[in-house]
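In what follows, a structure is listed as structure tokens, so that the remarks can point back to it.
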Amino acid sequence: MSGPDLDLSRVWLVDPASGREGPGEIVVTDGILEAVTWLEGADADGIDDQGVIVVPGFIDLHTHLREPGNEDAETVATGLAAAAHGGFTTVVAMPNTAPALDEPSVLGRILGAAASSGSPVELLANGAVTVGRAGETLAALGELADAGVVGFSDDGSPVRSASILRNALAYAGALGLPIVDHPEDVTQTAGAEMGDGVVATVLGLRGWPVAAEATSVARAIAMLAEVLPDVPGARLHLTHVSTGESLALIRLAKARGWPVTCDITPHHLALTDEWVAGARRFAWDAVDADGVARDPWADGALLAAPYAASTRVNPPLRCAEDAMACLAALRDGTADAIATDHAPHAAVDKAVEFGEAANGISGIETAIGLVLAAVDAGELPLARAIAALTTGPALILGSRSRRGGAAGLVEGAPADLVVIDRSASWTVTAAGLASRGKNSPLLGMDLPGRVLVTLAGGRIAYESTDPG
Amino acid sequence: MTDVADPAGMADPSADVSVPAIVPAVGVPSVGVPSVDVAPEAQAVGWRHRHLLDVDGLSADDLDLVMRTADAMREVLARPIAKVPALRGRNVTILFYEASTRTRVSFEMAAKNLTADVTNIAASTSSVTKGESLVDTVRTIEALGAQMLIMRHSASGAPYLAAETFGGSVLNAGDGWHAHPTQALLDLYTMRARLPGGSVAGRKVVILGDVLHSRVARSNIWSLTAAGADLWLCGPPTLLRGFEAWAGRGAAAGRQFTVTSDVGAALRDADVVMALRIQRERMASGLLPSLREYAARYGLTAERLAGAKPGALVMHPGPMNEGVEIAADVAAGAQSVITEQVTNGVAIRMALLYLLAGVPRA
Numbered sequence: 001m002s003g004p005d006l007d008l009s010r011v012w013l014v015d016p017a018s019g020r021e022g023p024g025e026i027v028v029t030d031g032i033l034e035a036v037t038w039l040e041g042a043d044a045d046g047i048d049d050q051g052v053i054v055v056p057g058f059i060d061l062h063t064h065l066r067e068p069g070n071e072d073a074e075t076v077a078t079g080l081a082a083a084a085h086g087g088f089t090t091v092v093a094m095p096n097t098a099p100a101l102d103e104p105s106v107l108g109r110i111l112g113a114a115a116s117s118g119s120p121v122e123l124l125a126n127g128a129v130t131v132g133r134a135g136e137t138l139a140a141l142g143e144l145a146d147a148g149v150v151g152f153s154d155d156g157s158p159v160r161s162a163s164i165l166r167n168a169l170a171y172a173g174a175l176g177l178p179i180v181d182h183p184e185d186v187t188q189t190a191g192a193e194m195g196d197g198v199v200a201t202v203l204g205l206r207g208w209p210v211a212a213e214a215t216s217v218a219r220a221i222a223m224l225a226e227v228l229p230d231v232p233g234a235r236l237h238l239t240h241v242s243t244g245e246s247l248a249l250i251r252l253a254k255a256r257g258w259p260v261t262c263d264i265t266p267h268h269l270a271l272t273d274e275w276v277a278g279a280r281r282f283a284w285d286a287v288d289a290d291g292v293a294r295d296p297w298a299d300g301a302l303l304a305a306p307y308a309a310s311t312r313v314n315p316p317l318r319c320a321e322d323a324m325a326c327l328a329a330l331r332d333g334t335a336d337a338i339a340t341d342h343a344p345h346a347a348v349d350k351a352v353e354f355g356e357a358a359n360g361i362s363g364i365e366t367a368i369g370l371v372l373a374a375v376d377a378g379e380l381p382l383a384r385a386i387a388a389l390t391t392g393p394a395l396i397l398g399s400r401s402r403r404g405g406a407a408g409l410v411e412g413a414p415a416d417l418v419v420i421d422r423s424a425s426w427t428v429t430a431a432g433l434a435s436r437g438k439n440s441p442l443l444g445m446d447l448p449g450r451v452l453v454t455l456a457g458g459r460i461a462y463e464s465t466d467p468g
Numbered sequence: 001m002t003d004v005a006d007p008a009g010m011a012d013p014s015a016d017v018s019v020p021a022i023v024p025a026v027g028v029p030s031v032g033v034p035s036v037d038v039a040p041e042a043q044a045v046g047w048r049h050r051h052l053l054d055v056d057g058l059s060a061d062d063l064d065l066v067m068r069t070a071d072a073m074r075e076v077l078a079r080p081i082a083k084v085p086a087l088r089g090r091n092v093t094i095l096f097y098e099a100s101t102r103t104r105v106s107f108e109m110a111a112k113n114l115t116a117d118v119t120n121i122a123a124s125t126s127s128v129t130k131g132e133s134l135v136d137t138v139r140t141i142e143a144l145g146a147q148m149l150i151m152r153h154s155a156s157g158a159p160y161l162a163a164e165t166f167g168g169s170v171l172n173a174g175d176g177w178h179a180h181p182t183q184a185l186l187d188l189y190t191m192r193a194r195l196p197g198g199s200v201a202g203r204k205v206v207i208l209g210d211v212l213h214s215r216v217a218r219s220n221i222w223s224l225t226a227a228g229a230d231l232w233l234c235g236p237p238t239l240l241r242g243f244e245a246w247a248g249r250g251a252a253a254g255r256q257f258t259v260t261s262d263v264g265a266a267l268r269d270a271d272v273v274m275a276l277r278i279q280r281e282r283m284a285s286g287l288l289p290s291l292r293e294y295a296a297r298y299g300l301t302a303e304r305l306a307g308a309k310p311g312a313l314v315m316h317p318g319p320m321n322e323g324v325e326i327a328a329d330v331a332a333g334a335q336s337v338i339t340e341q342v343t344n345g346v347a348i349r350m351a352l353l354y355l356l357a358g359v360p361r362a
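Just so you know, the sequences run in chain order A and B.
The opening position of the first sequence corresponds to residue 1 in our numbering, with each subsequent residue numbered one higher.
The opening position of the second sequence corresponds to residue 1 in our numbering, with each subsequent residue numbered one higher.
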């Protein structure tokens with residue numbers, strides 16, 4: 001089968017793997033990235049980063065594909081199509097399927113579904129830490145590692161017992177794989193409905209304290225520190241970190257040289273708790289000059305009806321100060337990656353009372369739009385944003401991804417890249433999302449940056465058919 | 001019966017004799033006050049809300065209109081036959097997902113006083129365990145012909161979900177911890193009726209008790225700050241969680257209120273003291289040591305009330321735990337307007353049903 005040809009001259013290239021960014025040209029022949037040319041001097045005149053940009057394909061460390069068990073919300077095929085639409089060429093499926101991915105046959109099943117979907121997007125998976133994600137006994141970690149999982153997670157819930165977490169860090173560490181922890185002290189979040197704070201107080205919703213995440217982050221870091229002397233290969237990855245307090249703890253752990261990494265979702269960077277009340281402005285527009293959250297009621301910022309179930313997610317949308325802290329952590333490198341926590345749900349699971357609604361945002365297709373909105377607002381340098389979507393997660397995956405621990409624009413390799421028109425915006429609509437999960441609070445909004453083409457493994461994963 | 005002005009053509013001479021003659025309201029100013037004897041859609045009174053879901057969406061003008069309409073309804077209630085045909089032929093469904101007697105009956109009487117056809121539905125507390133979703137239930141109620149839906153639900157925000165689905169008007173009769181708009185409006189009405197000068201502006205109003213779990217407190221924060229009251233919230237710190245931060249935001253937005261656990265400071269020179277119900281389950285969740293301790297430290301007793309202004313109004317949204325959040329002698333004392341709140345509740349609910357009925361359906 002012959003691969004696609006692509007010849008893009010006078011575009012803006014961002015290649016975090018080589019640390020370069022600037023005007024350039026790329027040539028793809030038969031799916032192979034044949035030439036990457038950096039333009040200089042007069043050749044580069046008039047090319048800036050506001051037009052068409054070409055970047056390595058994105059890697060999502062945290063994707064829910066719902067297959068097996070919940071195919072009305074998503075399938076491997078629709079999830080991979082959604083990934084490609086969002087510019088992602090590698091995704092890591094989370095193991096909270098039914099049955100859970102706690103032994104190799106489930107992995108075989110989803111890899112088979114990926115193969116039969118025909119999608120060129122690379123599908124990787126985390127295995128469960130404990131059998132049935134029940135938090136009691138260790139899953140078949142070694143067998144799962146042999147079968148090719150890239151890490152272990154009981155995502156959706158934390159590893160409940162600290163001693164199990166300790167054992168898992170040690171056992172997985174010896175296998176060279178990280179524990180991917182969902183930090184949440186469930187004793188503090190029983191019945192919680194949205195992020196704690198003024199908005200929750202006003203709306204009368206049970207608050208989800210910042211401390212529930214921070215104490216769980218502290219616990220996981222403390223367990224890692226104890227395991228490290230025995231198992232130097234132990235690694236902890238904290239996923240969907242959402243608060244400034246948690247990030248302060250992670251910053252401290254990194255300063256001590258402990259192997260802790262973390263990711264932040266696009267919605268925790270850009271959206272805030274006031275979206276639950278009906279605001280539809282980004283975090284950086286929701287703070288005053290001193291960085292303090294503004295009052296959406298006083299501002300007349302409440303444009304949508306409150307209690308939209310599409311804004312219910314775990315971890316919850318936090319106050320604007322936390323979102324700004326997440327952006328700061330991405331800028332200073334405390335956060336290694338942006339991961340989507342793409343959590344598609346069937347409409348019926350969201351068309352209920354706010355507190356009863358399933359947690360999660362269908363976010364893999366809107367991720368780059370939210371990130372570019374932060375770039376446009378001056379909150380994130382473009383190169384850093386792209387690095388957090390490419391080289392950052394690639395380093396965490398290492399050689400278990402076909403990207404080989406890097407995610408660069410590598411000449412001679414099968415093309416893994418995204419072409420994005422930053423001068424174009426697009427309107428998020430239910431019909432326009434390839435995901436079965438239409439549960440996005442961004443429906444009806446315009447996002448910057450249209451993905452024109454996604455090439456994965458030398459093949460076309462997505463190509464815009466919109467002439468606009 | 002025939003020589004009365006009838007612009008809406010509502011006075012059908014062949015109507016059931018139990019429907020009273022339409023008599024012009026007596027003593028009600030004619031300018032800017034809706035005449036309750038005219039069909040709601042037949043007069044422009046400046047009401048624009050199709051639903052009543054919350055108090056935060058009501059302007060000062062809206063509050064004023066509700067108060068004036070309630071005045072007209074009080075006048076109806078004082079008639080020998082307290083009934084007008086304003087909502088004749090309209091189907092009002094009362095859907096309660098939480099047990100309640102007083103609020104449900106108050107709404108039912110209000111609707112019946114306006115000659116609406118009333119259907120009561122007591123649903124199980126959780127739509128999830130019941131197997132039928134709230135959305136399905138609301139769709140069914142609409143298909144059965146309901147034009148107005150009065151709803152109580154234990155989940156904050158549930159009426160918004162209903163309003164998204166329902167083509168008529170949704171009237172929130174209490175949702176979770178979030179809002180109880182008609183209670184706040186009847187509280188404001190009662191205060192205006194009883195306070196010298198007929199206004200709460202500048203008056204010290206204290207809400208005492210379990211503020212955290214109270215939809216009454218939350219709705220009163222909006223209406224009382226909009227009306228310019230000097231509002232104080234008081235209770236044990238565990239039952240005030242999050243309100244200090246709200247007060248800080250509110251102050252910046254010109255909606256000032258004070259939050260304190262110092263009951264003496266709260267009651268000092270108060271014009272109005274509203275006690276809130278304390279529920280037993282607050283002990284189980286570790287928020288309070290005991291009801292006894294609560295009564296001793298925060299109960300509204302005659303001694304504590306003596307710290308307020310002489311003649312300060314005593315209010316309670318009900319149902320009361322006498323001897324816990326309020327002493328029996330205070331509840332039944334000369335300063336208590338608790339039963340008046342109940343009567344005013346009917347008038348306020350009639351006013352809101354009337355105003356909502358004047359807004360076109362979706």
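Just so you know, even glycine gets a beta-carbon here, dropped at the ideal spot from N, CA and C.
Values in this document were obtained by computation on a predicted structure and should not be read as measured data.
If you look at Trp275 (chain A), you'll find it in the alpha helix (DSSP H) that goes 274-277. Using beta-carbon distances, Thr243 (chain A) does not count as an interface residue toward chain B, since no partner is under 8 Å.
Residue environment analysis places Ser169 (chain B) among the buried positions, since at least 16 neighbouring C-beta atoms fall within 10 angstroms of its C-beta. Distance from the CA atom of Ala125 (chain A) to the CA atom of Ser156 (chain B), rounded to whole angstroms, is 37 Å. Nearest CB-CB separation between Val135 (chain B) and chain A: below the 8 Å threshold. Contact check for Thr187 (chain A) and Arg436 (chain A): beta-carbon distance about 34 Å, past the 8 Å limit, so the pair fails to qualify. Shown here for Val52 (chain A): same chain residues with a beta carbon closer than 6 Å to its own, the five before and five after excluded, namely Val11, Asp421 in chain order. Between Ser425 (chain A) and Pro315 (chain A), the gap from beta carbon to beta carbon reaches 8 Å or more. With distances taken between CA atoms, Pro158 (chain A) lies nearest to A:Ala220 out of A:Ala220, A:Thr201, A:Leu111, A:Thr137. Within chain B, not a single residue places a beta-carbon under 8 Å from that of Pro381 (chain A); the smallest gap is close to 32 Å. The closest CA to that of Ala253 (chain A), considering only A:Ile386, A:Asp15, A:Val217, is found on A:Val217. Exposed is the label assigned to Asp329 (chain B), since fewer than 16 other Cβ atoms lie within 10 Å of its Cβ. Considering only B:Leu356, B:Val359, B:Met350, the residue with the shortest C-alpha distance to Ala70 (chain B) is B:Met350.
Nearest CB-CB separation between His49 (chain B) and chain A: not below the 8 Å threshold. Against chain B, the beta carbon of Glu321 (chain A) has no neighbour under 9 Å; the closest one sits roughly 12 Å away.
Counting along the chain, Met148 (chain B) sits inside the beta strand (DSSP E) bounded by residues 148-153.
In the structure shown, Cys326 (chain A) falls within a helical segment according to DSSP collapsed to helix, strand and coil.
When C-beta distances to chain B are compared with 9 Å, every residue of the segment 418-430 of chain A stays at or above that value. Against chain B, the beta carbon of Ala200 (chain A) has neighbours under 8 Å at Gly242, listed in chain order. DSSP, reduced to helix, strand and coil, places Pro414 (chain A) within a strand of the structure shown. Excluding sequence positions up to five before and after Gly444 (chain A), its CB lies within less than 8 Å of the CB of Thr427, Val428, Thr429, all in the same chain and listed in chain order. Taking CB atoms only, Phe152 (chain A) has no neighbour in chain B less than 8 Å away. Going by C-alpha positions, Gly197 (chain B) is about 22 Å away from Arg255 (chain B). Residue nearest to Pro259 (chain A) within the set A:Glu143, A:His267, A:Ala225 is A:Ala225 (criterion: CA-CA distance). In this structure, Ala128 (chain A) lies near Ala100 (chain A), with their beta-carbon atoms less than 8 Å apart. With the rule of 3 Cβ pairs closer than 8 Å, the segment 185-197 of chain B counts as touching the segment 216-235 of chain B.
Excluding its 5 nearest sequence neighbours in each direction, Asp56 (chain B) has C-beta neighbours in its own chain below 6 Å: Trp222, listed in chain order. Taking C-alpha positions only, Leu397 (chain A) is separated from Leu144 (chain A) by approximately 15 Å. The continuous stretches of alpha helix (DSSP H) do not include Glu98 (chain B), and DSSP gives it neither H nor E. If you draw a straight line from the Cα of Leu134 (chain B) to the Cα of Gly242 (chain B), it comes to about 29 Å. Residues Asp421, Ala424, Trp426 of the same chain have their beta carbon placed closer than 6 Å to that of Arg450 (chain A), with the five preceding and five following residues left out of the count. Within the same chain, Val28 come within 6 Å of Leu6 (chain A) by CB-CB distance, once the 5 residues on both sides are set aside. For Tyr171 (chain A), the three-state secondary structure derived from DSSP is helix. Spanning the alpha carbons of Leu114 (chain B) and Met73 (chain B) requires a straight line of approximately 10 Å. Around the beta carbon of Thr137 (chain A), fewer than 16 other beta carbons lie within 10 angstroms, which makes this residue exposed.
Under the 10 Å beta carbon count, Asp181 (chain A) is surrounded by 16 or more other beta carbons and is classified as buried.
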